[in-house]
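Here our numbering runs 73 ahead of the position in the sequence shown, where the first position is 1. The beta carbon of each residue, even a glycine, is placed where N, CA and C say it ideally should be. First comes the structure, then the notes that go with it.
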Amino acid sequence: MDDNSAMKAALFGGALVASFYYWYQSRHLIPLPPGPRGIPLLGSALEIKNAEAPWLKFAEYNNQYGPITAVPMLGERWIILSDPHLVSELFEKRAANYSDRVANELVKMVGWDDSILFIQYGPLLKRYRTLLQRALNNRAALDYIPLQEYEARRFMRRLVEDPSGFMKHIHLMAASTAVRLTYGHKVESADDINVRRAEEIMHRFSEVMSPSNAWIIDRFPFLRYVPAWFPFAGFKRQIQYVKRIRDDQRSESFEHVVKQVGEGTAENSFVAKLLQPEDGQPVDEETRIHIRNLAGSLYGGASDTTVSAIQSFFLAMTLYPEIQAKAQAEVDAYIEQRLASGESSRMILPVDRSKLPYTSALASEILRWHPVANMAGHRSSNEDDCNVISDDNVYRIPARSLVLANIWQITHDPEVYDEPERFKPERYLVPTPPPLPESYAFGFGRRICPGVHIAQQSMWISISNTLANFVIAKCKDEHGHEIVPEERYSTGAVSHPMPFQCTITPKNGLAQWLKEVE
Numbered sequence: 074m075d076d077n078s079a080m081k082a083a084l085f086g087g088a089l090v091a092s093f094y095y096w097y098q099s100r101h102l103i104p105l106p107p108g109p110r111g112i113p114l115l116g117s118a119l120e121i122k123n124a125e126a127p128w129l130k131f132a133e134y135n136n137q138y139g140p141i142t143a144v145p146m147l148g149e150r151w152i153i154l155s156d157p158h159l160v161s162e163l164f165e166k167r168a169a170n171y172s173d174r175v176a177n178e179l180v181k182m183v184g185w186d187d188s189i190l191f192i193q194y195g196p197l198l199k200r201y202r203t204l205l206q207r208a209l210n211n212r213a214a215l216d217y218i219p220l221q222e223y224e225a226r227r228f229m230r231r232l233v234e235d236p237s238g239f240m241k242h243i244h245l246m247a248a249s250t251a252v253r254l255t256y257g258h259k260v261e262s263a264d265d266i267n268v269r270r271a272e273e274i275m276h277r278f279s280e281v282m283s284p285s286n287a288w289i290i291d292r293f294p295f296l297r298y299v300p301a302w303f304p305f306a307g308f309k310r311q312i313q314y315v316k317r318i319r320d321d322q323r324s325e326s327f328e329h330v331v332k333q334v335g336e337g338t339a340e341n342s343f344v345a346k347l348l349q350p351e352d353g354q355p356v357d358e359e360t361r362i363h364i365r366n367l368a369g370s371l372y373g374g375a376s377d378t379t380v381s382a383i384q385s386f387f388l389a390m391t392l393y394p395e396i397q398a399k400a401q402a403e404v405d406a407y408i409e410q411r412l413a414s415g416e417s418s419r420m421i422l423p424v425d426r427s428k429l430p431y432t433s434a435l436a437s438e439i440l441r442w443h444p445v446a447n448m449a450g451h452r453s454s455n456e457d458d459c460n461v462i463s464d465d466n467v468y469r470i471p472a473r474s475l476v477l478a479n480i481w482q483i484t485h486d487p488e489v490y491d492e493p494e495r496f497k498p499e500r501y502l503v504p505t506p507p508p509l510p511e512s513y514a515f516g517f518g519r520r521i522c523p524g525v526h527i528a529q530q531s532m533w534i535s536i537s538n539t540l541a542n543f544v545i546a547k548c549k550d551e552h553g554h555e556i557v558p559e560e561r562y563s564t565g566a567v568s569h570p571m572p573f574q575c576t577i578t579p580k581n582g583l584a585q586w587l588k589e590v591e
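See the structure below:
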């Protein structure tokens, strides 16, 4: 070997040793984020299970250990973030490493690993997002306002006829909007087959996807192959049933729209829009399958989040009548001004939001006061990240860690939101307001909710028109004392107020107007 070759070999060897040393140092000397030790196998799972709400326990950990906390959970490592700047850094600026999702074995068994909710980061997710952007972008969202307006009027009509059933009316409005938006199907009643089937799918899926089931299947994957007829294999029969009704629902609904498009009778909808691209080119079979799968994923996300936000609005107006009165004064003055100028419509639409600053702030405060999803992200890191900086400390997030943002803690930081437990729309109307909660409410980066514009439209139309046409108040007991509802919420992935009572009184002239616009 000549001197030149020897020098090259030495340089290569030195570089290899240096690279290995840096890799070793990174993995073994840069610490994990601090956090609770937990107990063997279970980690902190029992503490989380026994807590009032998971996000409150995670907030305790973050308060104790810092804005980035490593929590052991059933043999996995969860990284909990409570610093919005760190959330933005990881989920947006480093999105290539933090946009994956782990579809556990149970998700695969149910057949939901092709859902936009669980699909892993890669070419297929990018293709899905391209289709979603085409049908749900901010300009396309405007096409859905007429159907959202129609469903809001039907909601108000139901409130007039049966005010005590407001919780179920909210649910039906959201479900009807989601089904019609996705497939163009107009829902006439709560007994509609499409709504009932979609509701059953979501309910059964929630039952099957319990954390205990997911953990058992992940730890003992051979259970995937246990026959459904086998003793004690009831979970397998449940899974097969959920998969069958979900596959039937999305295939039948999709093919119905395909038939309507071919006949030229399809209503404006997500599926119809994507089956008729602007370039006029026929849709290939692979794209048809993508559209079918996406449509099947939209219902749950489109309806459940809207239900949560609007139910929270009714609770807030019951608890804070002075805020309701202030918003109604603004809305009433605006409608009177509009009618005086010759307009005939009483409906408030998204285009009116900029002219109603207090009501707009109220709608934003709903998303902060009780977030729809208190924990967001659920990202799986693709590679080791050895340069996570928080409070001048450098931490390591190992590959395949589950990374979540504690949205509840971010929106209840007293240093950012004064008196965070109180419902205060005016916090956004000062010269230097805090960040709008919309920045966090609909996700981050490449996993942001694709229907964010449509969700905001539905929420605004429902809230503003309820304020314009009804007065919400506390119920009274037999002694005439007001019954103050509790701020109690469910602890699922999407959090809802627990059932509560209120009185809902229509304003003068509402019934006549609703009759005129039928």
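Does the distance from the C-beta atom of residue i to that of residue j stay below 7 Å?
{"i": "A208", "j": "L371", "result": "no"}
{"i": "T484", "j": "R441", "result": "yes"}
{"i": "I121", "j": "S474", "result": "no"}
{"i": "N460", "j": "S568", "result": "no"}
{"i": "G369", "j": "R323", "result": "yes"}
{"i": "N479", "j": "F131", "result": "yes"}
{"i": "N170", "j": "S454", "result": "yes"}
{"i": "L429", "j": "Y393", "result": "no"}
{"i": "F515", "j": "V525", "result": "yes"}
{"i": "T255", "j": "F343", "result": "yes"}
{"i": "I383", "j": "N538", "result": "no"}
{"i": "A472", "j": "E456", "result": "yes"}
{"i": "P625", "j": "L412", "result": "This structure does not reach residue 625, given that the chain is present from 74 up to 591, and the question cannot be answered."}
{"i": "L477", "j": "R230", "result": "no"}
{"i": "V331", "j": "A345", "result": "no"}
Measuring CA to CA, which of the options is closest to residue i?
{"i": "R419", "options": "S262, S427 and A584", "result": "A584"}
{"i": "S155", "options": "P140, E162, P498 and R520", "result": "P140"}
{"i": "N341", "options": "S385, A382 and V252", "result": "V252"}
{"i": "K309", "options": "S161, L159, M182 and Y562", "result": "M182"}
{"i": "L114", "options": "M229, F386 and R150", "result": "R150"}
{"i": "E403", "options": "D465, T432, L422 and R411", "result": "T432"}
{"i": "H158", "options": "D550, H554, V489 and L502", "result": "V489"}
{"i": "A398", "options": "Y138, G565 and L540", "result": "L540"}
{"i": "Y201", "options": "P506, I362, D265 and P294", "result": "I362"}
{"i": "L535", "options": "L232, E162 and N466", "result": "Per the sequence shown, the amino acid found at residue 535 is Ser instead of Leu. Closest by alpha carbon: L232."}
{"i": "Y298", "options": "E178, L102, V467 and E551", "result": "E178"}
Work out the CA separation of residue j and residue i for me, nearest whole Å.
{"i": "W481", "j": "R292", "result": "31 Å"}
{"i": "I527", "j": "W533", "result": "10 Å"}
{"i": "N594", "j": "E165", "result": "Within the shown structure, residues of the chain are numbered from 74 to 591, placing residue 594 beyond reach of any answer."}
{"i": "L220", "j": "S463", "result": "46 Å"}
{"i": "A339", "j": "Q333", "result": "5 Å"}
{"i": "E559", "j": "I364", "result": "42 Å"}
{"i": "R167", "j": "E125", "result": "33 Å"}
{"i": "I396", "j": "I470", "result": "44 Å"}
{"i": "N366", "j": "F228", "result": "29 Å"}
{"i": "V380", "j": "I243", "result": "6 Å"}
{"i": "I218", "j": "Q530", "result": "7 Å"}
{"i": "E222", "j": "D377", "result": "19 Å"}
{"i": "D486", "j": "Y562", "result": "19 Å"}
{"i": "E133", "j": "P127", "result": "10 Å"}
{"i": "K259", "j": "S326", "result": "13 Å"}
{"i": "P236", "j": "E328", "result": "38 Å"}
{"i": "P510", "j": "A225", "result": "24 Å"}
{"i": "G353", "j": "V180", "result": "36 Å"}
{"i": "D60", "j": "F386", "result": "Residue 60 lies beyond the residue range present for the chain, which begins at 74 and ends at 591; the question has no answer from this structure."}
{"i": "E416", "j": "Q410", "result": "9 Å"}
{"i": "D320", "j": "N581", "result": "47 Å"}
{"i": "P294", "j": "G184", "result": "16 Å"}
May I ask you to report which of helix, strand or coil DSSP gives residue i?
{"i": "L477", "result": "strand"}
{"i": "R561", "result": "coil"}
{"i": "A586", "result": "It should be pointed out that residue 586 corresponds to Trp in this sequence rather than to Ala. In this structure, W586 counts as helix in the three-state DSSP scheme."}
{"i": "R469", "result": "strand"}
{"i": "P423", "result": "helix"}
{"i": "L190", "result": "coil"}
{"i": "G335", "result": "helix"}
{"i": "T576", "result": "strand"}
{"i": "P300", "result": "coil"}
{"i": "D320", "result": "helix"}
{"i": "D156", "result": "coil"}
{"i": "D405", "result": "helix"}
{"i": "W442", "result": "helix"}
Per the contact definition of three or more C-beta pairs closer than 8 Å, is the segment 242-249 in contact with the segment 301-318? no
Evaluate the contact criterion for the segment 106-114 versus the segment 421-441: three or more CB pairs, one atom per stretch, below 8 Å. Contact fails: fewer than three Cβ-Cβ distances are below 8 Å.
Check whether the segment 185-194 touches the segment 156-174, counting contact only when three or more Cβ pairs, one atom from each stretch, lie closer than 8 Å. yes
Count Cβ pairs between the segment 109-124 and the segment 138-149 that sit closer than 8 Å; are there 3 or more? yes
Does the structure place the segment 545-559 close enough to the segment 575-583 that three or more beta carbon pairs sit under 8 Å? Counting C-beta pairs closer than 8 Å gives three or more between the segment 575-583 and the segment 545-559, which meets the contact rule.
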